[in-house]
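Mapping to our numbering: the sequence shown position 297 is 279, numbers consecutive.
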Amino acid sequence: MNDGNFHTIEARGVRATLDLRGGHVRVFAVTQDGRQVEPLHTAPWIDDKAIVDDESIDANLRFLSGDFFCAPFSTSDIDVTTLHGWPANSPWTLVGVEPHPEGGQTARYELIKRVMGARLIKELTVRDGHPFLYERHIFTGGEGDLPVANHAMTRFDAGGRLSFSPKRFGTTPATAIESDPALGRSLLAYPSRFTDLTQAPRSDGSTADLTTYPFGSKHEDFVSLIEDPANPFGWAAAVRPDKRDIFLSLKNPADFPITMMWFSNGGRDYQPWNGRHVGVLGLEEGRTYGGHGHKASIAPNPWSEAGIPTSLRLDPAGDVEVRNVIGGVALPEGWTRVASVEAGASELVLSDEAGGTVAVPYDAAFLTRGA
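Shown next as C-alpha cells:
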C-alpha cells in the first residue's frame, strides 16, 4: 500500500490509510495494551484484480473498505452519479498534511469532482495516544440540498454485541433491500417501526434482537435508528469478543440525527458479493431519509415533517461541514457489552453492565466545535 493510490497518516499509537481511488479508509489501526486493534472491515475482493479492474462495477463496491463519505447517501437520483455519489466513487487528491499542535497529524484531501457545484474537502486527524480517527467533511460553495452520511463498517467473525445512545425508534424502508430470492434474501419485515431494538419485526412474524450479531444467516437487511433529540452526544459500540476489541462510532446528533445499520451477512448471491460478504455490519451516521435516496430526502417526508433533518443545505457563498469520529478500543477482560459512553473534555469513558469503566484520551471539542 505504498503506491500512489494510498496515503497514510500516523500519530503515537494510531494510523490511518486512505484509498484515494474512492475515498475509503482502507486501514485504521490502534496500538493499545501492547496489541493492535483494527476494527474496520474490508471486502474479500479488494485485491481481486478481475473485480478491481472491472469498471462496470461501481467504484464504491470495487474498493469497499473501512469507512467512506456519501453525498448524496443512497440513490443519486437528482445530480445523477452512482450509489452514494462521487465522494464514495471517484478519486481524491492530497492537499497537504500538517502536524497537530498537541502531537499527531491532520491531512486534507480534495475530491476531484464537484458535488452539486461544491468543492469537497475530507479532513482526517490522528492524535498521539487517541484511539480515534477524527473526520471532517467541508463543502465550499455549491447550491441545493442533499443527504449525507459516513459509511463505517466492522465485521464479526464470531458474533458480538451492539449498544447505542438512546433512540426514538427504529424503522425499515418500504421494501426489502433484497426482495428477489433469485438474487438474495432479507429477513426483517418491510416496512416496520419499533422502539425496542431487541424486538424488531421479522417477515415471518417473529422478532430479531438487533443488539446481538448475527440475528440470522444469509441475509441483507437495513435499519434506521432515529436519535433521541435530548441526546447531545450520539454513539454506537460494537463489541467483538474474539478480536478483544470495541468499535466505536461517535457523532453530534445536530450533524447526524440518524444511525443506520446495514446487515450484510451473505445475503447477496450476485457479483461481486457472491455470497461471501459475511458477518459485516455497517454503522452509518447520516443526515438522510434512510436509504430512500436524494429526491425523497430533500422532499417533505415523515421524518422531516417531524423535525428530523434529512438533508444538508449547501451555501453558495460559504462553507458547510459535518463531523464524525470512529474509534477502536481494546476490550477489557470480562466485558461482553458496552452499557454507556460518556464524553469528558479530554477523555471518553466507557462502562460495562457490571459497572466497570475504561477511559481513553478523546477530544470532545471536535464534535461540539468547542461549544
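Glycine is no exception: its CB is placed at the ideal position from the N, C-alpha and C atoms.
Excluding sequence positions up to five away, which residues of its chain have a Cβ less than 7 Å from the Cβ of residue i?
{"i": "residue 342", "result": "113, 311, 329 and 330"}
{"i": "residue 137", "result": "23, 261 and 262"}
{"i": "residue 226", "result": "312 and 313"}
{"i": "residue 68", "result": "93, 95 and 97"}
{"i": "residue 45", "result": "1, 3, 4, 6 and 28"}
{"i": "residue 73", "result": "2, 3 and 94"}
Should residue i go down as buried or exposed, given a rule of 16 or more other Cβ atoms within 10 Å for buried?
{"i": "residue 62", "result": "exposed"}
{"i": "residue 141", "result": "exposed"}
{"i": "residue 87", "result": "buried"}
{"i": "residue 165", "result": "exposed"}
{"i": "residue 296", "result": "buried"}
{"i": "residue 271", "result": "buried"}
{"i": "residue 291", "result": "buried"}
{"i": "residue 148", "result": "exposed"}
{"i": "residue 187", "result": "exposed"}
{"i": "residue 256", "result": "exposed"}
{"i": "residue -1", "result": "buried"}
{"i": "residue 203", "result": "buried"}
{"i": "residue 287", "result": "exposed"}
{"i": "residue 156", "result": "exposed"}
Report back the beta-carbon spacing between residue i and residue j to the nearest angstrom; my notes put them in contact at under 8 Å.
{"i": "residue 305", "j": "residue 213", "result": "Not confirmed; about 16 Å, so no contact."}
{"i": "residue 154", "j": "residue 170", "result": "5 Å"}
{"i": "residue -12", "j": "residue 48", "result": "About 12 Å separates the two Cβ atoms, so there is no contact after all."}
{"i": "residue 215", "j": "residue 325", "result": "5 Å"}
{"i": "residue 132", "j": "residue 267", "result": "5 Å"}
{"i": "residue 321", "j": "residue 145", "result": "7 Å"}
If you drop the 5 nearest sequence neighbours on each side, which residues of the same chain put their C-beta closer than 6 Å to that of residue i?
{"i": "residue 344", "result": "329 and 330"}
{"i": "residue 280", "result": "127 and 293"}
{"i": "residue 217", "result": "147, 232 and 323"}
{"i": "residue 278", "result": "271"}
CB-CB under 8 Å to residue i, same chain, minus the five flanking residues each way: which ones, in chain order?
{"i": "residue 176", "result": "151, 152, 153, 182 and 183"}
{"i": "residue 26", "result": "258 and 259"}
query = Given 8 Å as the limit, is there contact between the region 49 to 61 and the region 76 to 90, that is, 3 or more CB pairs closer than that?
reply = Contact fails between the region 49 to 61 and the region 76 to 90, because fewer than three Cβ pairs, one in each stretch, are under 8 Å apart.
inquiry  = I want to know whether the region 223 to 242 touches the region 204 to 214 - three or more CB-CB distances under 8 Å.
reply    = yes
request  = Only counting runs of 3 or more residues, tell me where the beta strand (DSSP E) segments fall wholly within the region 265 to 342, in order along the chain.
outcome  = 294 to 312, 320 to 325 and 329 to 334
query = Can you list, in chain order, the stretches of the alpha helix (DSSP H) that have 4 or more residues and sit fully within the region 27 to 70?
reply = 31 to 34 and 41 to 44
query = Can at least three beta-carbon pairs, one atom from the region 99 to 113 and one from the region 180 to 198, be found at a separation below 8 Å?
reply = no
inquiry  = Quick check: the region 91 to 107 against the region 119 to 136, are at least 3 beta-carbon pairs closer than 8 Å?
reply    = yes
request  = Could you tell me which uninterrupted beta strand (DSSP E) segments, each at least 3 residues in length, are contained entirely in the region 231 to 262, listed from first to last along the chain?
outcome  = 240 to 247
key: 3-residue-minimum beta strand (DSSP E) runs that sit fully inside the region 157 to 239, ordered along the chain   = 174 to 176, 201 to 209, 216 to 222 and 227 to 233
key: Unbroken stretches of the beta strand (DSSP E), 3 residues or longer, contained in the region 67 to 137   = Within the region 67 to 137, the complete beta strand (DSSP E) runs of at least 3 residues are 74 to 81, 86 to 93, 100 to 109, 114 to 128, 130 to 132 and 134 to 137.
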